[in-house]
Every structure is written in structure tokens, then in C-alpha cells.
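*Asks:* Right, I'll just put the structure down here and ask away after.
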Amino acid sequence: MAADRQIGHMDASLAAMTNMPVTTWSLEQTAPTDLLPAQAPQGDVRIVRSEVPSPEFSRFLYASVGGDIQWIDRLGWTYAQWLEHLERPGVETWVAHERGTPAGYVELDPQDDGVVEIVYFGLIPAFRGHRIGGHLLSYGTARAWDLADRWPGLAQTKRVWLHTCSKDGEHAMNNYLRRGFKLFDTKVEEEAIVAAPGPWPGAYPG
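Read left to right, the sequence shown gives residues 1 to 206 (full-length UniProt numbering).
Take a look at the structure:
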């Protein structure tokens with residue numbers, strides 16, 4: 001019995017070492033006038049929609065932006081899964097470019113009843129600190145509000161929402177609040193500790 005208790009204590013200690021609390025915040029805008037746009041950065045920064053569904057390009061963006069902040073949910077997607085997702089009506093990818101090089105992106109995903117989620121937003125690490133993030137979020141949010149103008153079968157947007165978590169960049173929450181998003185839910189859950197995957201296998205050799 002004592003051995004069982006000792007093993008149980010070791011299991012609990014191991015679980016504590018392999019898990020960590022992660023806070024997830026959900027934020028929303030309920031009217032286009034909620035958006036408080038950031039000033040556009042100086043220099044050659046352009047934001048364009050990636051109109052041709054491309055699993056290769058979208059996976060590159062996902063892995064490059066999220067490689068150091070533990071974006072792992074889509075890394076195992078097959079080509080067919082990526083294509084199926086990207087071809088859904090209303091799913092849009094808006095990409096920021098600095099002097100022609102992809103710097104970050106916003107992905108929009110329409111839901112029922114005029115709701116649009118900003119599913120992913122972020123910058124490739126080399127482009128952080130260039131004052132692109134606020135502009136990209138402003139532009140992407142505006143495109144969420146006028147999404148139905150480009151997709152006649154969709155309802156007019158009534159609400160735009162997103163979530164961020166304590167694993168994201170240190171300036172993420174402040175950027176959302178400064179753009180006019182309001183907090184509506186907070187959750188804390190235990191998650192497994194995983195190593196940042198990097199933009200490709202072996203990019204960050206240990």
C-alpha cells in the first residue's frame with residue numbers, strides 16, 4: 001500500500017512536470033465601429049488576399065508564424081485536409097508582405113448567424129517589431145466585417161471574435177484591446193508541455 005501511494009505521488013509529480021496551466025482569453029467586436037485601426041507602418045508593407053487555395057503556402061504561413069509559439073494543431077493535416085478547409089466558402093487568408101516577402105497573415109473563417117472568427121493571426125518572428133502587427137490586425141478585422149461583400153451567399157457580419165492564450169506573443173493581448181476587441185470569456189486549463197516545433201524540422205537544433 002505504501003508503495004502504491006509512493007507510485008501515485010510520483011505519477012502526480014510527473015504530471016505536474018509535463019503539464020502547465022494555459023489561460024485562454026476570448027474577445028469580440030459586435031459592430032464595425034468597434035474597430036480602432038492602427039496607423040499603417042512606414043515603408044513598403046502591403047496586405048493582399050491569397051485567393052488561390054494553396055495548402056503548400058498556407059502550411060508555410062502556419063508553421064512559420066507559429067513555429068516558436070507552439071502552433072501544432074494543423075501540423076499533422078494532410079494535403080486533402082488543408083485543401084478542404086481552404087476551399088470552404090468564406091475562408092480567407094490575408095497576407096502582409098514587407099518589400100515583397102511574406103511577413104504574417106490573418107485567416108478568417110465564417111460561422112453561423114453572421115459570426116466571423118479570426119482563426120489565426122500573427123507575424124513571422126523576423127518581422128515582429130516592425131509595427132506591422134497592429135496594421136495587419138486592423139486590416140484583417142475590417143475584412144471580417146465586410147466578408148459577405150465578397151461572398152454573396154454569406155450573411156452580413158454581425159460579430160467578429162478571436163481567442164488568444166498565454167502561450168502567444170507578449171504583445172498579442174494589448175494589440176487586440178487597442179484595436180477595440182472586448183474580453184468576453186476567460187478559461188484556464190492544463191495542457192501538455194510541448195517543445196516549439198520551429199518553422200521546419202531541425203530549424204532549432206537542440
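Beta carbons are placed, not taken as given, at the ideal position from N, Cα and C, and that holds for glycine. Computed from a prediction, not measured in an experiment: that's the story for all the values here.
Inspect the beta-carbon positions of Val116 and Ala144 and report whether they are closer than 8 Å.
*Replies:* In this structure, Val116 lies near Ala144, with their beta-carbon atoms less than 8 Å apart.
*Asks:* Could you name each continuous alpha helix (DSSP H) segment of 4 residues or more that falls completely within the UniProt domain "N-acetyltransferase" (55-206), going from the start of the chain to the end?
*Replies:* 55-66, 79-86, 133-145, 147-150 and 172-178
*Asks:* Counting Cβ pairs closer than 8 Å, one from the segment 127-139 and one from the segment 34-45, do we hit at least three?
*Replies:* yes
*Asks:* Excluding sequence positions up to five away, which residues of its chain have a Cβ less than 7 Å from the Cβ of Gly180?
*Replies:* Gln29, Asp34, Leu35 and Leu36
*Asks:* How many Å lie between Pro53 and Ala80 at the Cα?
*Replies:* 12 Å
*Asks:* State the CB to CB distance for the pair Glu98 and Phe127, rounded to an integer number of angstroms; the pair is presumed to be in contact (CB under 8 Å).
*Replies:* About 6 Å separates the two Cβ atoms, so the contact holds.
*Asks:* Have a look at the DSSP bridge pairing and note the partners of Ser26.
*Replies:* His163 and Asp185
*Asks:* Do Leu86 and Ser58 have their CB atoms nearer than 8 Å?
*Replies:* When the beta-carbon positions are compared, Leu86 and Ser58 come within less than 8 Å of each other.
*Asks:* Is Thr18 closer than 8 Å to Ser166 when the C-beta atoms are compared?
*Replies:* no
*Asks:* What number of angstroms, rounded off, separates the C-alpha of Leu61 from the C-alpha of Gly104?
*Replies:* Leu61 and Gly104: Cα-Cα distance of roughly 7 Å.
*Asks:* Do you know whose CA, among Glu84, Gly67 and Glu107, lies nearest Trp94's CA?
*Replies:* Glu107
*Asks:* Along the chain, where does the beta strand (DSSP E) containing Val48 start, and where does it finish?
*Replies:* Where Val48 is concerned, the enclosing beta strand (DSSP E) stretches over Val45 to Arg49.
*Asks:* Would you mind giving the Cβ-Cβ distance between Leu27 and Trp161, rounded to the nearest angstrom? I have them listed as a contact below 8 Å.
*Replies:* 7 Å
*Asks:* What number of angstroms, rounded off, separates the C-alpha of Ala172 from the C-alpha of Ile69?
*Replies:* 12 Å
*Asks:* So, are the CB atoms of Trp25 and Thr164 less than 8 Å apart?
*Replies:* By the CB criterion at 8 Å, Trp25 and Thr164 fall inside the cutoff.
*Asks:* What would DSSP say about Pro21, mapped onto helix, strand or coil?
*Replies:* strand
*Asks:* Cutting at 7 Å between CB atoms, please list the residues of its own chain near Ala142, excluding the five before and the five after it.
*Replies:* Leu35
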